[in-house]
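If you use the numbering used here, the sequence shown closes out at 203, no skipped numbers anywhere.
The C-beta atom is built at its ideal place from N, Cα and C for all residues, glycine as well.
Input: a single structure, listed below in structure tokens.
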Amino acid sequence: MDEYIGLPPGSPQQFGHFLNEWIFHKVRFRNVFYLNGQAVNLEEECARYGSLLEQFATDITCMGIGENTHLAFNDPHVANFNDPALVKVVDLDEACKQQQVNEGCFAAVHEVPNDAFTLTVPALLKAGCIYCMVPGASKAQAVYHTLVNEVSETYPSTILRTLPNAFLFLDTASAAKVQQLPLWMPVISEN
């Protein structure tokens, strides 16, 4: 769904590295297509990956929600629910960078790349099913915004409420600020 731009090849912070280590190295797939964070021509890389998305329909999107309610790297200042592109280059906001440090991906904010590729909101939502896993206390405020605030690009994750094929999975900590809200969706598990 996204990739930092400009990290050295093989950096453990690359999302492609993470996916390979935890999924693609363990389960055989016919093809795996990564965003190339070392691409020289950023527009060409967006076009290349966008073409792949058009060629191979997305069945399932597995995502999370950022502490600032971002989806992939669609931070509030760059989120566009009607984006005509499928992939774009974005600059990361400070809250997003701080989250990367808080999660242990980088030692300090200045180490987090300023720019990244991201699938746009419309590209992420094209999937037949969207599974959104949001664990941890650090996500409680984002979950609250997702479920309570008006659907808007100010809180990108609110768009998930408009989809009949989006499923939100929370743990007790991430649901802490919404436990008193009326449930309008089925609860599969408390944990």
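What's the gap between the Cα of residue i and the Cα of residue j?
{"i": "Ala178", "j": "Val163", "result": "15 angstroms"}
{"i": "Val39", "j": "Glu165", "result": "35 angstroms"}
{"i": "Thr81", "j": "Ala107", "result": "10 angstroms"}
{"i": "Thr53", "j": "Ala59", "result": "Just to set this straight, residue 53 is Asn in the shown sequence, not Thr. Taking the straight line joining both Cα atoms gives about 10 angstroms."}
{"i": "Gly18", "j": "Asn92", "result": "24 angstroms"}
{"i": "Ala152", "j": "Gln111", "result": "14 angstroms"}
{"i": "Tyr16", "j": "Ile171", "result": "24 angstroms"}
{"i": "Tyr61", "j": "Met75", "result": "18 angstroms"}
{"i": "Pro20", "j": "Val124", "result": "12 angstroms"}
{"i": "Thr184", "j": "Lys100", "result": "34 angstroms"}
{"i": "Tyr143", "j": "Ala119", "result": "29 angstroms"}
{"i": "Glu206", "j": "Leu98", "result": "This structure leaves residue 206 out entirely; the chain is present only between 13 and 203."}
Whose CA, out of the options, lies closest to the CA of residue i?
{"i": "Leu83", "options": "Thr70, Ala154, Asn161", "result": "Ala154"}
{"i": "Ala139", "options": "Ile171, Thr70, Val124", "result": "Thr70"}
{"i": "Gln174", "options": "Thr184, Lys189, Thr158", "result": "For the record, residue 174 in the displayed sequence is Thr; it is not Gln. It is Thr158."}
{"i": "Gln50", "options": "Thr73, Ser23, Glu33, Ser63", "result": "Ser23"}
{"i": "Gln25", "options": "Ile142, Pro134, Gly116, Ala187", "result": "Gly116"}
{"i": "Lys189", "options": "Ala135, Leu180, Glu33, Ala149", "result": "Ala149"}
{"i": "Val215", "options": "Thr73, Tyr16, Val44", "result": "The question about residue 215 has no answer here: the residues shown for the chain are numbered 13 through 203."}
{"i": "Asp95", "options": "Leu136, Ser63, Arg42", "result": "Leu136"}
Pull up the DSSP beta-bridge partners for residue i, would you.
{"i": "Cys74", "result": "Tyr143"}
{"i": "Asp127", "result": "Asp103"}
{"i": "Tyr16", "result": "Ala128"}
{"i": "Asn86", "result": "Leu83"}
{"i": "Tyr167", "result": "Ser164"}
{"i": "Phe118", "result": "Paired residues: none, contrary to the question."}
{"i": "Phe179", "result": "Tyr143"}
By Cβ distance, which residues of its chain are closer than 6 angstroms to residue i, with the 5 residues on each side in sequence left out?
{"i": "Tyr46", "result": "Gly28"}
{"i": "Glu57", "result": "Asn48, Ala51"}
Taking Cβ positions only, does residue i come closer than 8 angstroms to chain B?
{"i": "Cys74", "result": "The structure shown contains no chain B; it is built from a single protein chain."}
Under 7 angstroms Cβ to Cβ from residue i, same chain only, skipping five residues before and after it: list those, please.
{"i": "Leu182", "result": "Val146, Val155"}
{"i": "Ala187", "result": "Val155"}
{"i": "Pro44", "result": "For the sequence presented, residue 44 should be read as Val rather than Pro. Cβ neighbours of Val44 beyond the five flanking positions: Phe36."}
Excluding the 5 residues preceding and the 5 following residue i in the sequence, name in chain order all residues of the same chain whose CB lies nearer than 8 angstroms to its CB.
{"i": "Asp87", "result": "Gly78, Asn80, Val102, Leu104, Asp105, Ala107, Cys108, Pro168"}
{"i": "Asp204", "result": "No answer is possible for residue 204: it lies beyond the span of the chain, which begins at 13 and ends at 203."}
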